[in-house]
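This report concerns only the one structure given below.
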Amino acid sequence: MKKLIIVFAVLMTTFGSCRESIKNSSSSKGDMKFQQLSDEFLAGYLAWRPELSVYLGFHEFDGKISDISKKSIVMELTRLKLFDQMLNEFDTASLSTGMHYDFSILQCGIKNELFNFEEIEPFTRNPMTYASVMNVNIDIKRSFAPLDDRLKSIIAFE
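Position one of the sequence shown corresponds to residue 1157 (our numbering), numbered consecutively onward.
Structure, rendered in structure tokens:
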């Protein structure tokens, strides 16, 4: 799980820097199309994993909990497969060198997630997966907001 967090923290940093390079250079349509696709993927990725999102500093997810019901897991797996398919069909020749590296990183990250869901099956084989959803340490340890706001987030979470 820690490796996964590190991988996606790197992805977030990479894509954040990509935005700046897109604004500062004359980018191709391929770069812009990939940037839009990657932004859409990351928005869904973070929304399905609000605990990770808060850990990474996206506090619009404070007080939210992952829906790890069977239906939600199937929907996330379907979403991952859809993005994997879109990346497989993407014209990588239209990407700049930097964006091509970002493309490869995102594609590997999605394949890793698919492997996790389909082969490792943490939702059916590891009960600690469910225990980690109830973790409020981030709200307690970090003072990213006034204590009253963090307490309200913990109450909403619980």
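Where a beta carbon is used, it is the ideal one built from N, C-alpha and C, also for glycine.
Hey, how far is the Cα of residue i from the Cα of residue j?
i: I1261; j: V1292; result: 30 angstroms
i: R1306; j: H1215; result: 10 angstroms
i: F1217; j: E1207; result: 8 angstroms
i: G1109; j: Q1263; result: This structure cannot speak to residue 1109, because the chain is shown only from 1157 to 1314.
i: L1243; j: L1303; result: 42 angstroms
i: D1187; j: S1194; result: 10 angstroms
Ends of the alpha helix (DSSP H) at residue i?
i: A1199; result: K1185 to W1204
i: G1254; result: T1253 to F1271
i: E1283; result: Looking at the sequence itself, residue 1283 is Pro, so the reference to Glu does not match. From DSSP, P1283 is part of no alpha helix (DSSP H); its letter is neither H nor E.
State the DSSP-derived secondary structure class of residue i, mapped to helix, strand or coil.
i: M1290; result: coil
i: E1245; result: coil
i: R1216; result: Before going further, note that residue 1216 is Glu rather than Arg in the sequence given. E1216 falls in the helix class under three-state DSSP.
i: D1137; result: Residue 1137 lies beyond the range of the chain shown here (1157 to 1314); nothing can be said about it.
i: D1305; result: helix
i: I1276; result: helix
i: I1310; result: helix
i: S1209; result: helix
i: F1300; result: coil
i: I1229; result: helix
i: S1222; result: coil
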